[in-house]
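Peer 1: The structure under discussion is supplied below as structure tokens; questions concerning it will follow.
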Amino acid sequence: MTDCIRRRWRTLPPWARVLLVVAIGGFLEGTGAHALDLARHGPHAYSSFAPPLQVFFVALTVLDPLVAVLLLCARPAGVLLATVVMTADALGNWYVNWSWLRADWARLLHPVGMLPITLFALFVLVSAIPLARALTAPRPVPVG
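What follows is the structure in structure tokens.
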């Protein structure tokens, strides 16, 4: 980490650092999941989805790491982008999976798929305002 990033992180309250680490981890996991889909199935990995959703899910291979970098740099814009990306990601996933979820709601409880996406989206939304406030609050310059 550069000195600027270290300085930013050092001045954050511990709870904000924890939220950032969890969010960064979630977005890096999302990057890996979408990259793996593309590696396995090529550019047509999401061909069964509507064209705008295909473009969006492919774009997540760039958007997810961008959010992770902005959050790593403790930038307020990262919180805003995280909120937008996860809202769109969760809504898109609910849209494309709605028919099989309606057929069997127990599928929502699987540890891979809709459950982690939904829980992570809720985490991002619930933590957005406190985290944005922590990142924009005036902080003293740390000594040392």
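For the sequence shown, the tail end lands on 144 under full-length UniProt numbering, and the numbers increase by one without skipping. Where is the CB? At the ideal position from N, CA and C, for every residue including glycine.
Could you spell out where the alpha helix (DSSP H) holding T118 opens and where it closes?
Peer 2: From DSSP, the alpha helix (DSSP H) with T118 extends over M114 to T136.
Peer 1: Of all the options R133, V124, V22 and V18, which has the alpha carbon lying nearest to the alpha carbon of D89?
Peer 2: Ranking R133, V124, V22 and V18 by Cα distance to D89 puts V124 first.
Peer 1: Tell me which residues share the same chain as P43 and place their Cβ nearer than 8 Å to its Cβ, disregarding the 5 neighbours each side in the sequence.
Peer 2: Closer than 8 Å at Cβ, skipping near neighbours: V58.
Peer 1: With distances taken Cα to Cα, identify the nearest neighbour of A77 among L135, G32, P52 and P13.
Peer 2: Cα-wise, what sits closest to A77 is L135.
Peer 1: Starting from the Cα of A30, find the closest Cα among P138, F120 and L91 and give me that residue.
Peer 2: The residue you asked about is not Ala; residue 30 is Gly in the sequence shown. The shortest Cα separation from G30 among P138, F120 and L91 belongs to F120.
Peer 1: How would you label D64, buried or exposed, when you count the other beta carbons within 10 angstroms and need 16 or more for buried?
Peer 2: That one is buried.
Peer 1: What ranges does the alpha helix (DSSP H) occupy inside the stretch 7-52, keeping only unbroken runs of at least 4 residues that lie completely in it?
Peer 2: Whole alpha helix (DSSP H) segments, 4+ residues: 14-41.
Peer 1: Taking the C-alpha atoms as reference points, what is the distance between L12 and H34?
Peer 2: Distance between the alpha carbons of L12 and H34 is about 31 Å.
Peer 1: Does the separation of the CB atoms of V85 and A128 fall below 8 Å?
Peer 2: Not in contact: V85 and A128 (Cβ atoms no closer than 8 Å).
Peer 1: Could you check the C-alpha separation between G32 and N93 for me, to the nearest Å?
Peer 2: Their backbone Cα atoms lie some 16 Å apart in a straight line.
Peer 1: Assuming F27 and A74 make a contact with CB atoms under 8 Å, what is their CB distance in whole Å?
Peer 2: Incorrect: roughly 14 Å between the Cβ atoms, too far for contact.
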